[in-house]
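Have a look at the structure below before the remarks.
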Amino acid sequence: MSDNLLTQRRFLPYFCTQFLGAFNDNIYKSALIIMVTYRLVSENQGVLVNVAAILFILPFFLFGSLAGQLADKYEKAWLIQNIKLAEIGIMILGCIAIFLASVPLMLLILFLMGTQSAFFGPIKYSILPQHIERTRLLQANGFVEAATFIAILFGTVLGGLLAGDASNDLWLMLTILFVAALGYLVSFQIPSAKVAASNLKISYKFWSGTRDILKITYRDRMVFLSVLAISWFWFLGSIILSQFPAFAQNVLQGDDQVATLLLATFSVGIGIGSLLCSWLSSGRVEIGLMPIGAVGMAVFTWMLGETALPPADQLRTLAELAVTPGIVAVIINMIMIAISAGLFLVPLYAFMQIRTDEADRSRVIAANNIINAIFMITAGIMAAGMLLLGYDVLNIFKVTAVLTAIVTVYIMWMVPEFVLRFVAWLLIHSIYRVEKVDLHNVPEEGGALIVCNHVSFIDPMILHALLPRPARYVMYEPFYRMPVMNWLFRGMKSIPINTKKADEVVFTNAFNEIAECLEKGRLVVLFPEGGITRDGEIAKFQPGIDQILKRTPVPVVPIALRGVWGTWFSRHKGSAMKGLPTSWMRRISVISGESVPPEEANRLSMHEKVIALRGEQQ
1 MSDNLLTQRR FLPYFCTQFL GAFNDNIYKS ALIIMVTYRL VSENQGVLVN
51 VAAILFILPF FLFGSLAGQL ADKYEKAWLI QNIKLAEIGI MILGCIAIFL
101 ASVPLMLLIL FLMGTQSAFF GPIKYSILPQ HIERTRLLQA NGFVEAATFI
151 AILFGTVLGG LLAGDASNDL WLMLTILFVA ALGYLVSFQI PSAKVAASNL
201 KISYKFWSGT RDILKITYRD RMVFLSVLAI SWFWFLGSII LSQFPAFAQN
251 VLQGDDQVAT LLLATFSVGI GIGSLLCSWL SSGRVEIGLM PIGAVGMAVF
301 TWMLGETALP PADQLRTLAE LAVTPGIVAV IINMIMIAIS AGLFLVPLYA
351 FMQIRTDEAD RSRVIAANNI INAIFMITAG IMAAGMLLLG YDVLNIFKVT
401 AVLTAIVTVY IMWMVPEFVL RFVAWLLIHS IYRVEKVDLH NVPEEGGALI
451 VCNHVSFIDP MILHALLPRP ARYVMYEPFY RMPVMNWLFR GMKSIPINTK
501 KADEVVFTNA FNEIAECLEK GRLVVLFPEG GITRDGEIAK FQPGIDQILK
551 RTPVPVVPIA LRGVWGTWFS RHKGSAMKGL PTSWMRRISV ISGESVPPEE
601 ANRLSMHEKV IALRGEQQ
């Protein structure tokens, strides 16, 4: 069987179904926007476009709770088939609206399309982890996000071309019907997925149902903050996308094809960012890429707000715009916003998927969609309000950039792990050439204890940068309290420990916290030598391993660091970090052994395994 996800039945039909759905949504939305802007409405087009955006998003807020509950209670492939059947009916009504050239009816159809998408949304992301293993999940999400925005691009281009001339309305109607029917047929090839919560009692009450799924999401602070970060992407994205027609017409002074070019640029950039994210992370869920994306979105959105092109006597064509001074900077800014957005969004979706329990996953994603909807509706209201108050599109972009910078600082402050993963990755790859050996032995889920030799002061950073899952690190308390470094270790949520004789409270709290983490299915990293080596050799392991496993039996993964002895952060000169740094770009290896069942693991056996993994080289 091919290793390419795009050739496998567990992914391809789902991928095509969601692509066709997004494609059809955007054919219709684009057609509506072009008709309103250039054919059917003579004034306040910008306000009406923002109203349309709100109407499409509103169902995610109104029906998100019910959608999440249904996705957890019933078989997901069957639900997708019924949702795609409903899409055919909605498109039939959409054809009637186009035939009558009725803007109010078109807006109603847009609301119904949003409703259909609201019910599909929780399934779209919760079914992926049921068919795709964790090591391929980021890649799968990258494909989905790239395909979604390419579908937006193709749908918008096709919708704009067909809606620009009333003589094409018949082709427009036939197209949306054909795509809906094709999506329905393809959906029957999606493999069945295990029902997550068959005993779940459905609540049809809007407020109580919404409150309950928001509570589920809030239980895990990291997941909740990830949801807020995803929602901010959609706040920014909805503002930028909804302002394209006005930006093209009023700022760039271009025709309707220029608006399509902007969307094409943005969609291609999202695709590049999504695939780049998968490549940079080597297939693992790398939330450390998120800060890069956040900063990029803020900086380049501000720069887009600084756009200034020479005035024109009439609307420019694409050919005329291509030779206009300043247009290259506009295109670069658009592409960089989109690439940054891809780096920002894909890891957050994958993190949310793997961090939530399977029984709750659809409801958490539904809660995400509800909060996304609130943010997007707020974005639409803000943009429409600013336009009515006389502010232009460039002002909207600048305000959005400033707000994005503020939100980025807030998220980084509240979840330093996002920043630290990036800092650790950047630091380790800047000073070492890293070889990773068999790190797939680290369990994809569930609690596990990692034991590793302790060679230098940045061993936790090395593992933090390279382990496929976030972990908690047990550290000798005096090192944990070191000035400057303490902020770093606290951000990594390290667990300080000391001997029972030196500080019984710290000793007891450490073992309690270790047990709690393991019981919650987290990784805990232990350096069982009890200190950093002074001679490069692996000292005997302390009895803490046995105490931990006796209280919380979990698999143990031995990991060895090779080549770190002799670096500036080790004690090969007697004291670490003495003199000027040397040995830059030295090759080091991080080698993992196979997971050992708790009944077979103890300090003596794990000591032997770590020695064997490291070999003769220190």
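The sequence shown runs 1 to 618 under the numbering used here.
Think of the CB as a built atom: it goes at the ideal place given N, C-alpha and C, for glycine as much as any other residue.
Original post:
Does the stretch 342-361 come close enough to the stretch 129-147 to have 3 or more Cβ pairs within less than 8 Å?
Top reply: Result yes; three or more Cβ-Cβ pairs closer than 8 Å.
**OP:** Name the residue from Y14, A163, I396 whose alpha carbon lies nearest to the alpha carbon of F247.
**Re:** The sequence position of residue 247 within the sequence shown is 247, counting from 1. Out of Y14, A163, I396, I396 has the C-alpha closest to the C-alpha of F247.
Original post:
Apart from the five residues just before and just after S605, which ones in its own chain have a Cβ nearer than 8 Å to its Cβ?
Top reply: Residue numbering aside, residue 605 sits at position 605 when the sequence shown is read from its first letter. Here the set comprises V596.
Subject >> DSSP-derived helix/strand/coil call for P191 >> reply: As a first step, residue 191 is located in the sequence shown; it is residue number 191 there, counting from the start. Here P191 sits in coil by DSSP.
**OP:** Assign P589 to one of three DSSP states: helix, strand, or coil.
**Re:** Counted from its first residue, the sequence shown places residue 589 at position 589. The sequence given here places Ser at residue 589; Pro does not occur at that position. Looking at S589 - three-state DSSP - the assignment turns out to be strand.
Subject >> Distance, A53 Cα to G521 Cα >> reply: If you number the sequence shown from 1, residue 521 lands on position 521. If you number the sequence shown from 1, residue 53 lands on position 53. If I take the Cα positions, the gap works out to 41 Å.
Original post:
In its own chain, which residues sit with a C-beta less than 6 Å from the C-beta of F235, not counting the 5 before and 5 after it?
Top reply: The sequence position of residue 235 within the sequence shown is 235, counting from 1. Taken in chain order, the residues that qualify are F375, A379.
Original post:
Under a Cβ-count criterion, where at least 16 other Cβ atoms within 10 Å of its own Cβ denotes burial, should M585 be classed as buried or exposed?
Top reply: For the purposes of this step, residue 585 is identified with residue 585 of the sequence shown, where counting begins at 1. Looking at its Cβ environment, which holds fewer than 16 other Cβ atoms inside 10 Å, M585 is exposed.
Original post:
Among the residues of its own chain, which have a CB less than 8 Å from the CB of L6, if the five just before and after it don't count?
Top reply: For the purposes of this step, residue 6 is taken as residue 6 along the sequence shown, with counting starting at 1. Excluding residues within five positions, the ones whose Cβ falls inside 8 Å are L12, F15, F143.
**OP:** Leaving aside the five residues before and after V51 along the sequence, list all residues of the same chain whose C-beta is less than 8 Å from its C-beta, in chain order.
**Re:** As a first step, residue 51 is located in the sequence shown; it is residue number 51 there, counting from the start. Within the same chain, V51 has close Cβ partners L107, G380, A384.
Original post:
Mind checking whether I462 and V590 have CB atoms under 8 Å apart?
Top reply: For the purposes of this step, residue 462 is identified with residue 462 of the sequence shown, where counting begins at 1. For the purposes of this step, residue 590 is identified with residue 590 of the sequence shown, where counting begins at 1. For I462 and V590, yes; Cβs fall inside 8 Å.
Subject >> Nearest candidate by alpha-carbon position, reference I132, set F99, Q8, L162 >> reply: For the purposes of this step, residue 132 is taken as the residue at position 132 of the sequence shown. Considering only alpha carbons, the answer is Q8.
Subject >> Local Cβ density within 10 Å of F178, reported as buried at 16 or more and exposed below that >> reply: Translated into the one-based positions of the sequence shown, residue 178 becomes position 178. Exposed, since its Cβ has fewer than 16 Cβ neighbours within 10 Å.
Subject >> Cross-strand partners of G254 (DSSP beta bridge) >> reply: As a working note, residue 254 is residue 254 in the sequence shown. Answer is R316, bridged to G254.
Subject >> Nonlocal neighbours in the same chain, by C-beta distance under 6 Å from G293, ignoring five residues either side >> reply: Position 293 of the sequence shown, counted from the first residue, corresponds to residue 293. These residues qualify, in order along the chain: S340, L343, F344.
Original post:
When DSSP builds the beta bridges, which residues end up paired with C452?
Top reply: Taking the sequence shown and counting its residues from 1, one reaches residue 452 at position 452. According to DSSP, which records beta bridges pairwise, C452 is partnered with I559.
Subject >> 8 Å contact criterion, which D25 and M113 should meet: CB distance rounded >> reply: Indexing the sequence shown from 1 puts residue 25 at position 25. Indexing the sequence shown from 1 puts residue 113 at position 113. Rounded, the Cβ-Cβ distance is 6 Å, consistent with contact.
**OP:** Have a look at L263 and A308 and give me their C-alpha separation to the nearest angstrom.
**Re:** Locating residue 263 in the sequence shown gives position 263, where the first residue counts as 1. Locating residue 308 in the sequence shown gives position 308, where the first residue counts as 1. Those two C-alpha atoms are separated by around 19 Å.
Original post:
When you compare only the Cα positions, how much space is there between R587 and A560?
Top reply: For the purposes of this step, residue 587 is taken as the residue at position 587 of the sequence shown. For the purposes of this step, residue 560 is taken as the residue at position 560 of the sequence shown. Linking R587 to A560 through their CA atoms gives a straight-line distance of about 14 Å.
Subject >> Beta-carbon gap between A621 and F61 smaller than 8 Å >> reply: Given a span of 1 to 618 for the chain in the structure shown, any question on residue 621 remains unanswerable.
Original post:
Between the C-alpha atoms of S570 and P291, what's the straight-line distance to the nearest angstrom?
Top reply: Walking along the sequence shown from the start, residue 570 turns up at place 570. Walking along the sequence shown from the start, residue 291 turns up at place 291. Between S570 and P291, the C-alpha separation is close to 30 Å.
Subject >> Residue range of the unbroken alpha helix (DSSP H) whose run includes P694 >> reply: Nothing can be reported for residue 694: it is not among the residues displayed for the chain, which extend from 1 to 618.
Subject >> Top-ranked residue by Cα proximity to F300, from V323, L315, S278, I331 >> reply: For the purposes of this step, residue 300 is identified with residue 300 of the sequence shown, where counting begins at 1. Comparing Cα positions, the closest option is I331.
Subject >> Separation of A180 from V419, as counted between CA atoms >> reply: Within the sequence shown, the letter at position 419 stands for residue 419. Within the sequence shown, the letter at position 180 stands for residue 180. Cα-Cα distance, rounded: 42 Å.
**OP:** Give the range of the alpha helix (DSSP H) segment to which R134 is assigned.
**Re:** Counting from one through the sequence shown, the residue named residue 134 turns up at place 134. First-last of the alpha helix (DSSP H) with R134: 134-163.
Subject >> Proximal residues to D3 (C-beta, below 8 Å), its chain only, five neighbours per side dropped >> reply: Taking the sequence shown and counting its residues from 1, the one referred to as residue 3 is at position 3. Counting only Cβ-Cβ distances below 8 Å, and skipping sequence neighbours, we find nothing.
Subject >> Coarse secondary structure for A502, derived from DSSP in three states >> reply: Counting from 1 along the sequence shown, the entry for residue 502 is found at position 502. Reduced to three states, the DSSP call for A502 is coil.
**OP:** Determine the extent of the alpha helix (DSSP H) in which R551 is found, giving its start and end residues.
**Re:** Walking along the sequence shown from the start, residue 551 turns up at place 551. Per DSSP, the continuous alpha helix (DSSP H) segment holding R551 begins and ends at 544-551.
Subject >> Beta-carbon proximity list for K573, same chain, < 6 Å, skipping 5 on both sides >> reply: To locate residue 573, count along the sequence shown from 1; it is residue 573. Correct list: empty, nothing qualifies.
Original post:
Between C452 and the rest of its own chain, which residues show a CB-CB distance below 8 Å, the 5 nearest in sequence each way excluded?
Top reply: Here the question's residue 452 lines up with position 452 in the sequence shown. Same-chain partners within the cutoff: D459, L463, V525, L526, F527, P558, I559, A560, L561, V610.
Original post:
So what does K436 bridge to, in DSSP terms?
Top reply: Along the sequence shown, one-based indexing puts residue 436 at 436. For K436, which the question treats as bridged, DSSP gives the partners V590.
Subject >> Segment contact, 8 Å Cβ cut-off, at least three pairs: the stretch 57-77 with the stretch 114-121 >> reply: yes
Subject >> Continuous alpha helix (DSSP H) assignments of at least 4 residues falling wholly in the stretch 464-539 >> reply: 477-480, 485-491, 504-519
**OP:** Leaving out five residues on either side along the sequence, give the residues of the same chain with a beta carbon under 6 Å from the beta carbon of V423.
**Re:** As a first step, residue 423 must be located in the sequence shown, where it is residue number 423. Correct list: empty, nothing qualifies.
Original post:
Just curious, the alpha helix (DSSP H) that A166 is in, first and last residue?
Top reply: Within the sequence shown, residue 166 is the residue found at index 166, counting from 1. Here A166 belongs to no alpha helix (DSSP H), and DSSP marks it neither H nor E.
**OP:** Quick one: residues in its chain with C-beta nearer than 6 Å to the C-beta of M1, no 5 flanking neighbours on either side, listed in chain order?
**Re:** For the purposes of this step, residue 1 is taken as the residue at position 1 of the sequence shown. Any reading at M1 needs caution, since the residue's pLDDT is 46, under 50, leaving its predicted position unreliable; the model's value is listed next. Cβ neighbours of M1 beyond the five flanking positions: none.
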